[in-house]
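Enquirer: Numbering (this note's numbering), first residue to last: 55 to 373.
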Ligand code: UDP
Ligand code: MG
C-alpha cells in the first residue's frame, strides 16, 4: 500500500516537457489520467511548456481547467527539454517523480510499471526502449551516448536517452539543488542514486509532429555530457598528446637515419604534411576541450538563472 498522502501532497508527480506538441496533448492527458486514476496512487501532472509556438499552451490551459490534477509551468522562450524537466522538478510535491515525453513515444500506460519497480527499493528506475521506433540515424547517437555515459558515470545502463524514468523525491531534490547550468538528467540522477534499476518499456512512433533533436543538438548534448561529468576527456587528451609526441619523435629519428643511409627523399614532403595535419588537428581538439571547460566555469560563475518562468497555473489557490 502506498503511504497515505493529503490532498495537496499527491504520492506521484509526473513531469512532462512540452515543445510544440499541440497534436499530442489531448490524447496524452486522456491516456495518462485513465492509467493513473486506475492506479492506487494519488497523482499530479506538471506540464512545462518550453516556449511552444503553436497552440500547446492554450490546450494545456484547457486541460488544466477541466482537470485539477494538471499543473502548468510556462517558459518565456525555448530552453530545451532538460531545462523544462528541471523546472518541473522544482514544482513536484509527490514522493515519487516520473518523467515522460509528450509525443506519446513513451506510452503513459507504462508509468505504473516504473513506479512498481521503484517501490521494490530502487532510487531511480530507467526505461529501456527495447524495440525502438526511430530512424537508424537517431539510434546510433543514442547507442554511443549510452556507451560513453555508462563509462563516465559508472552506472551501466542500456539506454541513457530514454526519458521515461522514475525517481525518488530525494534524488529529484538533489538534482534541483545542484543547479547545474547544463545537465543531462539521466547521468545526473545516477550520481545521487544508490541503486538504479532498468526495465524494458514499450516505445511507439512519434504520434504527430517531428523530433526536436537534430544531429547538432545531439552533438551538443554529448559534449555537455563528457565535460559535465568528468575530467576524463582532458586527461585522455594529455596522454594522447604525449603518445603522439613520442611517435613523432620516433618517426623523426627514422627519417634522419634514413637520410644518412639512403639519402634525401623529395616525395617525403607529403608525408610530413600529413603528420603536420595530425598535430594541428590534435591541437585544435585540445583547445576546443579547454574552451569547453572554461566556458562551463564561466557559465557557472555568472550565476544566471537557468530559465525564466513566464506563468504558472495551479488549481490550488482558487478553484
Ligand atoms: N522538448 C522540449 N524542448 C525542446 C525539445 C523537446 O520540451 O527544446 C520535449 C518534447 O516536446 C518532447 C520531449 O522533449 O516531449 C522529447 O522531444 P523529441 O520527441 O523531439 O525528442 P526525441 O524523441 O527525438 O528524442
Ligand atoms: Mg520523441
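The beta carbon of each residue, even a glycine, is placed where N, CA and C say it ideally should be.
If you're wondering where the values come from, they're calculated on a predicted model, not measured in any experiment.
Could you give the distance in angstroms between the alpha-carbon of residue 253 and the alpha-carbon of residue 356?
Expert: Rounded to whole angstroms, residue 253 to residue 356 spans 39 angstroms at the Cα level.
Enquirer: Using DSSP with H/G/I as helix, E/B as strand and the rest coil, what is residue 56?
Expert: Bear in mind that a pLDDT of 49 at residue 56, under 50, signals an unreliable position, so the number given afterwards is only what the model happens to contain. In the structure shown, residue 56 sits in coil (DSSP, three-state: anything other than H, G, I, E or B).
Enquirer: Would you call the region 244-252 in contact with the region 214-234, where contact means no fewer than 3 C-beta pairs closer than 8 angstroms?
Expert: These segments touch.
Enquirer: Would the C-beta of residue 81 count as close to the ligand UDP, meaning under 7 angstroms from any of its heavy atoms?
Expert: Checking every heavy atom of the ligand UDP against the Cβ of residue 81, none is found closer than 7 angstroms.
Enquirer: Which runs of the beta strand (DSSP E) fall wholly inside the region 145-181 and span at least 3 residues, in chain order?
Expert: Qualifying beta strand (DSSP E) stretches, in chain order: 150-153.
Enquirer: Name all residues in chain order for which at least one heavy atom of the ligand MG lies closer than 6 angstroms to the residue's CB.
Expert: This criterion selects 155, 157, 159, 260, 265.
Enquirer: Quick one: is residue 75 buried, meaning 16 or more other Cβ sit within 10 Å of its Cβ, or exposed?
Expert: Its Cβ being crowded by 16 or more others within 10 Å, residue 75 is buried.
Enquirer: Pairing CB atoms from the region 149-156 with CB atoms from the region 208-224, are three or more of them under 8 angstroms?
Expert: Cβ pair count under 8 angstroms is three or more, so yes.
Enquirer: Compute the beta-carbon to beta-carbon distance between residue 97 and residue 64, rounded to the nearest angstrom, for a pair I have assumed lies under 8 angstroms.
Expert: Contact holds; Cβ gap of about 5 angstroms.
Enquirer: Does the region 128-144 come within contact of the region 160-168, defined as at least 3 CB pairs closer than 8 angstroms?
Expert: These segments do not touch.
Enquirer: Can you tell me whether residue 227 is helix, strand or coil according to DSSP?
Expert: If DSSP states are grouped into helix, strand and coil, residue 227 belongs with the helices.
Enquirer: Excluding the five sequence neighbours on either side, which residues of its own chain have a C-beta within less than 7 angstroms of the C-beta of residue 291, listed in chain order?
Expert: Only 339, 340, 343 meet the Cβ criterion.
Enquirer: Any heavy atom of the ligand UDP closer than 7 angstroms to the CB of residue 134?
Expert: Correct: residue 134 has its Cβ closer than 7 angstroms to the ligand UDP.
Enquirer: Excluding the 5 residues preceding and the 5 following residue 186 in the sequence, name in chain order all residues of the same chain whose CB lies nearer than 7 angstroms to its CB.
Expert: Around residue 186: 193, 257.
Enquirer: Between the alpha carbons of residue 308 and residue 334, how many angstroms are there, rounded?
Expert: Between residue 308 and residue 334, the C-alpha separation is close to 21 angstroms.
Enquirer: Shortest alpha-carbon distance to residue 293 belongs to which of 67, 336, 202?
Expert: Nearest C-alpha to residue 293: 336.
Enquirer: State yes or no: is the C-beta of residue 138 nearer than 7 angstroms to some heavy atom of the ligand UDP?
Expert: At least one heavy atom of the ligand UDP is nearer than 7 angstroms to the Cβ of residue 138, so yes.
Enquirer: For residue 252, which residues does DSSP report across the bridge?
Expert: Per DSSP, 180.
Enquirer: Going by beta carbon distance, what residues of the same chain come within less than 6 angstroms of residue 105, once the five residues before and after it are set aside?
Expert: Cβ neighbours of residue 105 beyond the five flanking positions: 129, 131, 132.
Enquirer: Please state the DSSP three-state secondary structure of residue 95.
Expert: In the structure shown, residue 95 sits in coil (DSSP, three-state: anything other than H, G, I, E or B).
Enquirer: What number of angstroms, rounded off, separates the C-alpha of residue 56 from the C-alpha of residue 125?
Expert: Per-residue confidence for residue 56 stands at a pLDDT of 49, beneath the threshold of 50, marking its modelled position as unreliable; the derived number appears in the next sentence. Roughly 22 angstroms separates the two Cα atoms.
Enquirer: How would you label residue 70, buried or exposed, when you count the other beta carbons within 10 angstroms and need 16 or more for buried?
Expert: Under this definition residue 70 is a buried residue.
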